[in-house]
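Trainee: To start, I am sharing the structure in question, which I have written as structure tokens.
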């Protein structure tokens, strides 16, 4: 009965041109006819419900992709978990998405992912995540020529690292910035 009701409601929405069929394989899929309709529907949800739905989408993505395949969807996982109430997973995927986009020289996206990760790492108080987000952000700033910002990030990362090899690597990065600045 519920399925018949759903089919009827979907048909009504199609006739009103609010949604369109997007595909049939592997299963029937609908999408909003206009982005505005999607935004109105999204904004009508309670924030608590949005967080729940984003977490559920993240969990569904994790179940669809094996650990070795998840790199393909790090950005989606970061997006959905960052809008959910699962902050540890949000932080993990924000850093992974930052690493992936940095490696692809998608600098603007990498800066956004690392900046969100840094804010969340501050909130959660995890030293390794604080260091990783600061180092990643520093690397991107270095590549785009924002040397003062790169130095600030690397200096910040120093306060979260204790391992001599990690500290040496940070000092090497800082040295590269000073070299680029001619100092």
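Residue numbers (the numbering used here): 285 to 467. Each residue gets a CB set at the ideal place from its N, CA and C atoms; glycine is no exception.
Following the continuous alpha helix (DSSP H) through residue 377, name the residue where it begins and the one where it ends.
Mentor: Counting from one through the chain shown, the residue named residue 377 turns up at place 93. Note, residue 377: alpha helix (DSSP H), 371-387.
Trainee: Going straight from the alpha carbon of residue 298 to that of residue 335, what length do you get?
Mentor: In the chain shown, counting from the first residue as 1, residue 298 sits at position 14. In the chain shown, counting from the first residue as 1, residue 335 sits at position 51. C-alpha separation (whole angstroms): 27 Å.
Trainee: Spatial neighbours of residue 384 within its chain, please: C-beta separation below 6 Å, excluding the five flanking residues on both sides.
Mentor: What you label residue 384 is simply residue 100 of the chain shown in a count that begins at 1. The answer, listed in chain order, is 358.
Trainee: Name the DSSP bridge partner or partners of residue 315?
Mentor: Taking the chain shown and counting its residues from 1, the one referred to as residue 315 is at position 31. 304, per the DSSP bridge assignment.
Trainee: Helix, strand or coil: which one does DSSP assign to residue 428?
Mentor: Looking up residue 428 in the chain shown gives position 144. In the structure shown, residue 428 sits in coil (DSSP, three-state: anything other than H, G, I, E or B).
Trainee: Quick one: Cα of residue 373 to Cα of residue 365, how far?
Mentor: Here residue 373 refers to the residue found at position 89 when the chain shown is read from its first residue. Here residue 365 refers to the residue found at position 81 when the chain shown is read from its first residue. The straight-line gap from Cα to Cα measures roughly 6 Å.
Trainee: Within the continuous alpha helix (DSSP H) that includes residue 349, where are the two ends?
Mentor: As a working mapping, residue 349 is identified with position 65 in the chain shown. Segment: none, residue 349 is in no alpha helix (DSSP H) and carries neither H nor E.
Trainee: Consult DSSP for residue 353 and reduce its assignment to one of helix, strand or coil.
Mentor: Residue numbering aside, residue 353 sits at position 69 when the chain shown is read from its first letter. Three-state DSSP puts residue 353 in coil, outside helix and strand.
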